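**Student:** Residues in the sequence shown are numbered consecutively from 266, following our numbering.
Note that CB positions come from ideal geometry on N, CA and C, so glycine has one too.
Computed from a predicted structure; not experimentally measured.
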Amino acid sequence: MEVGHVDSNATLLVIGEQKDWDAYLKLCRNLRSGRMKRTNYVIETYECLEAGKLPQIDSEIVIIFLFFPHTHWNKYIECKGYDGLYGNAQFYEKFRRFWSKINLVLLSHYHDKTVYYLNHPLYIFTDRDKELTKLMLQGAGINVPESVYTRELEQILQMVDDGEQLYLKVRYGSMGKGITYMDKDYWKTNFGFVDGKIVNSESEFNWRFQDVAGNEEFVQQLLRKDIIIEKAVPAGLINGLRFDLRFYVFRGNINYIYCRVNEPESVTTNISQGGTGKDARFLQYIPPKVLQRARKIAVRSTKALALDLAGVDIMFSADWKKIYVVELNAFPGYPSSKGFNLSKRILEVIDAQEWEEK
266 MEVGHVDSNA TLLVIGEQKD WDAYLKLCRN LRSGRMKRTN YVIETYECLE
316 AGKLPQIDSE IVIIFLFFPH THWNKYIECK GYDGLYGNAQ FYEKFRRFWS
366 KINLVLLSHY HDKTVYYLNH PLYIFTDRDK ELTKLMLQGA GINVPESVYT
416 RELEQILQMV DDGEQLYLKV RYGSMGKGIT YMDKDYWKTN FGFVDGKIVN
466 SESEFNWRFQ DVAGNEEFVQ QLLRKDIIIE KAVPAGLING LRFDLRFYVF
516 RGNINYIYCR VNEPESVTTN ISQGGTGKDA RFLQYIPPKV LQRARKIAVR
566 STKALALDLA GVDIMFSADW KKIYVVELNA FPGYPSSKGF NLSKRILEVI
616 DAQEWEEK
């Protein structure tokens, strides 16, 4: 446990793990550098939380910032030799149970405090269900990729033959894993297909895409799994590259926009799947009014899922008339501080907030 103390009635409690170099460690480094002038802070781990060793906090207000529980995920959910295909319903159910437990532990320990969450534990896992997330966004009037609900192989093949471009994604996955793309004779997947069976990649990251064009048995098996099917967004290219924008939203404001690009024939712009980032100069190619609309949509999307912090991935139709939210992530990786110090900005917002006792 680490503590930073100032004369304040509010304390920021940060809970995460050392192996989370992409978010938790970046924020902790900024905390240690003295970013907080009006707010106390405590840095703690999930190991202590699950062992019932949460710190006693004297201040009346506790602001809880929860990061991704890598150890629990790797030990109990995406563990070595897990049952079934990656991104199946058990992934989501186990993750939901974990956060329900965390919620009860925190409620019990800080029952006499005014508690604020920067992403509530009962909402923080919702984005892991891609179909539910899409329904919630649609309910808020936000465009999402069109869903296809048939699971009949012949209908899927006919749609592709008629010119539709389809994505078959595991319903409860992330990081660009478990994706299959179908377009005429161009079928790609980052699952394996060995001895007539779909298999998971042995790697945690960088699942490589391979050609499965014409492999109807692969598609037939996939249609029986926990998947969603989407029509590809009819997006255009910029400088010959496919692209999307990730909007980092925190407490109702856009703090940073990260541009991701890949080759036009690529399946995804995901950085973990071969995409690359572009700096803010890339935004000059987006019509200003369209970009402003996208900023508002990103904020609305975060509110629709009752989140304070999220990475919202947005694509545009080729004519710029439609804006689509294609993914939303409650645990976004933070950009390099050389590009933009997101941790610093988040802490500044927390420190400037007038937190009130309830």
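#1: Out of His374, Gln485, Phe470, which one is the CA nearest neighbour of glycine 438?
#2: Let me check understanding here. Comparing Cα to Cα, which of Lys442, Arg610, Asp287, Asp584 lies closest to asparagine 535?
#3: Under the three-state reduction of DSSP, which class applies to serine 582: helix, strand or coil?
#4: How about the region 541-549 and the region 572-580: do they share at least three Cβ pairs that are nearer than 8 Å?
#5: Are the beta-carbon atoms of asparagine 274 and serine 324 separated by less than 8 Å?
#6: Are the CB atoms of phenylalanine 363 and proline 410 within a distance shorter than 8 Å?
#7: Write down the C-beta distance between leucine 418 and glutamate 481 rounded to the nearest angstrom, noting that I regard them as a contact closer than 8 Å.
#8: According to DSSP, is aspartate 492 part of a helix, a strand, or is it coil?
#9: Between which two residues does the alpha helix (DSSP H) carrying asparagine 527 extend?
#10: Since I believe isoleucine 493 is in contact with serine 566 (beta carbons under 8 Å), could you give me their beta-carbon distance rounded to a whole number of angstroms?
#11: Could you compute how far the alpha carbon of glutamine 486 sits from the alpha carbon of glycine 461?
#12: Go to arginine 362, then tell me how far its alpha helix (DSSP H) extends in each direction, as first and last residue.
#13: When burial is assigned at 16 or more other CB atoms within 10 Å of the CB, is proline 499 buried or exposed?
#14: Are tyrosine 523 and lysine 291 closer than 8 Å when you measure CB to CB?
#15: Lysine 425 lies in the alpha helix (DSSP H); which residues open and close that run?
#16: For the beta strand (DSSP E) containing threonine 649, list its first residue and its last residue.
#17: Would you kindly work out how many angstroms separate the C-alpha atoms of arginine 300 and arginine 294, rounded to a whole number?
#18: Could you tell me the distance, in whole angstroms, from the CA atom of lysine 453 to the CA atom of arginine 560?
#19: In terms of alpha-carbon separation, which member of Thr310, Ile280, Leu296 lies closest to threonine 304?
#20: Between the Cα of asparagine 624 and the Cα atoms of Val435, Ser468, Ile519, which residue gives the shortest distance?
#21: For alanine 391, which of Gln423, Phe356, Ser582 has the nearest alpha-carbon?
#22: Under 7 Å Cβ to Cβ from proline 553, same chain only, skipping five residues before and after it: list those, please.
#23: Excluding sequence positions up to five away, which residues of its chain have a Cβ less than 7 Å from the Cβ of valine 614?
#24: Does the contact criterion of 3 or more C-beta pairs under 8 Å hold for the region 364-379 versus the region 308-327?
#25: Let me know the secondary structure DSSP gives glycine 405 once reduced to three states.
#26: Going by other Cβ atoms of all chains shown within 10 Å of its Cβ, with 16 needed for buried, is valine 459 buried or exposed?
#27: My output table needs one value for glutamine 486: the three-state DSSP class, helix, strand or coil.
#28: State the start and end residues of the unbroken beta strand (DSSP E) segment that holds leucine 296.
#29: So if DSSP puts isoleucine 503 in a beta bridge, which residue, or which two residues, is it bridged to?
#30: Could you say which of Phe512, Leu277, Gln423, Ala617 lies nearest to valine 564 if we only look at CA atoms?
#31: Taking 8 Å as the cut-off, does the region 391-407 touch the region 309-316 (at least 3 CB pairs, one atom from each stretch)?
#32: Where does aspartate 476 land, buried or exposed, given buried means 16+ other C-beta within 10 angstroms?
#33: So valine 532 is in the alpha helix (DSSP H); what residue range does that whole segment cover?
#34: If you compare alpha carbons, which of Met440, Lys603, Lys568 is closest to glycine 406?
#35: Determine the direct distance from the alpha carbon of isoleucine 280 to that of lysine 318, and round the result to whole angstroms.
#36: What do you reckon, are the CB atoms on asparagine 504 and phenylalanine 474 nearer than 8 Å?
**Tutor:** Taking the coordinates as given:
#1: The count along the sequence shown starts at 1 and reaches residue 438 at position 173. The candidate whose alpha carbon is nearest that of glycine 438 is Phe470.
#2: Working through the sequence shown from its first residue, we reach residue 535 at position 270. It is Lys442.
#3: Mapped onto the sequence shown, residue 582 falls at position 317. It is a strand residue.
#4: no
#5: Working through the sequence shown from its first residue, we reach residue 274 at position 9. Working through the sequence shown from its first residue, we reach residue 324 at position 59. In contact: asparagine 274 and serine 324 (Cβ atoms closer than 8 Å).
#6: One-based indexing of the sequence shown puts residue 410 at position 145. One-based indexing of the sequence shown puts residue 363 at position 98. Contact flag unset, no.
#7: As a working mapping, residue 418 is identified with position 153 in the sequence shown. As a working mapping, residue 481 is identified with position 216 in the sequence shown. Correct: roughly 6 Å between the Cβ atoms.
#8: Residue mapping note: residue 492 aligns to position 227 of the sequence shown, counting from 1. Looking at the sequence provided, one finds isoleucine at residue 492 rather than aspartate. Of the three classes helix, strand and coil, the one that applies to isoleucine 492 here is strand, per DSSP.
#9: As a first step, residue 527 is located in the sequence shown; it is residue number 262 there, counting from the start. No alpha helix (DSSP H) holds asparagine 527; the beta strand (DSSP E) holding it covers 518-527.
#10: On the sequence shown, position 301 is the one that residue 566 refers to. On the sequence shown, position 228 is the one that residue 493 refers to. So it is not a contact: roughly 17 Å between Cβ atoms.
#11: Translated into the one-based positions of the sequence shown, residue 486 becomes position 221. Translated into the one-based positions of the sequence shown, residue 461 becomes position 196. If you take the alpha carbons of glutamine 486 and glycine 461, they lie about 9 Å apart.
#12: By 1-based counting over the sequence shown, the position of residue 362 is 97. 354-374 is the span of the alpha helix (DSSP H), which, as asked, contains arginine 362.
#13: Counting from 1 along the sequence shown, the entry for residue 499 is found at position 234. Looking at its Cβ environment, which holds fewer than 16 other Cβ atoms inside 10 Å, proline 499 is exposed.
#14: Mapped onto the sequence shown, residue 523 falls at position 258. Mapped onto the sequence shown, residue 291 falls at position 26. Contact: no.
#15: Position 160 of the sequence shown, counted from the first residue, corresponds to residue 425. It should be pointed out that residue 425 corresponds to valine in this sequence rather than to lysine. Unbroken alpha helix (DSSP H) run through valine 425: 418-426.
#16: Any answer about residue 649 is impossible in this case: the structure gives the chain only from 266 up to 623.
#17: The sequence position of residue 300 within the sequence shown is 35, counting from 1. The sequence position of residue 294 within the sequence shown is 29, counting from 1. Arginine 300 and arginine 294: Cα-Cα distance of roughly 10 Å.
#18: What you label residue 453 is simply residue 188 of the sequence shown in a count that begins at 1. What you label residue 560 is simply residue 295 of the sequence shown in a count that begins at 1. Cα to Cα, lysine 453 sits roughly 32 Å from arginine 560.
#19: Reading the sequence shown from its first residue, position 39 is the one you call residue 304. Looking at the Cα atoms, Leu296 is the closest of the given residues.
#20: The displayed coordinates of the chain run from 266 to 623. Any statement about residue 624 would go beyond what the structure contains.
#21: Here residue 391 refers to the residue found at position 126 of the sequence shown. For the sequence presented, residue 391 should be read as threonine rather than alanine. Comparing Cα-Cα distances from threonine 391 to each of Gln423, Phe356, Ser582, the minimum goes to Phe356.
#22: Mapped onto the sequence shown, residue 553 falls at position 288. So no residue of the chain qualifies.
#23: Along the sequence shown, read from residue 1 onward, the residue named residue 614 stands at position 349. Counting only Cβ-Cβ distances below 7 Å, and skipping sequence neighbours, we find Phe515, Arg516.
#24: yes
#25: The sequence position of residue 405 within the sequence shown is 140, counting from 1. In the sequence on display, residue 405 carries alanine and not glycine. In this structure, alanine 405 counts as coil in the three-state DSSP scheme.
#26: In the sequence shown, the residue the question calls residue 459 occupies position 194. By the neighbour-count rule (16 or more Cβ atoms within 10 Å), valine 459 is not buried but exposed.
#27: Here the question's residue 486 lines up with position 221 in the sequence shown. Reduced to three states, the DSSP call for glutamine 486 is helix.
#28: Mapped onto the sequence shown, residue 296 falls at position 31. Counting along the chain, leucine 296 falls outside any beta strand (DSSP E), though it belongs to the alpha helix (DSSP H) covering 289-297.
#29: By 1-based counting over the sequence shown, the position of residue 503 is 238. Partner(s): Leu506.
#30: As a working mapping, residue 564 is identified with position 299 in the sequence shown. Of the listed residues, the one whose Cα sits closest to valine 564 is Phe512.
#31: no
#32: As a working note, residue 476 is residue 211 in the sequence shown. Exposed.
#33: On the sequence shown, position 267 is the one that residue 532 refers to. From DSSP, valine 532 is part of no alpha helix (DSSP H); its letter is neither H nor E.
#34: Position 141 of the sequence shown, counted from the start, is the residue given in the question as residue 406. When only C-alpha atoms are compared, the closest one is Lys568.
#35: Residue mapping note: residue 318 aligns to position 53 of the sequence shown, counting from 1. Residue mapping note: residue 280 aligns to position 15 of the sequence shown, counting from 1. Those two C-alpha atoms are separated by around 12 Å.
#36: Against the sequence shown, residue 504 aligns to sequence position 239. Against the sequence shown, residue 474 aligns to sequence position 209. No.
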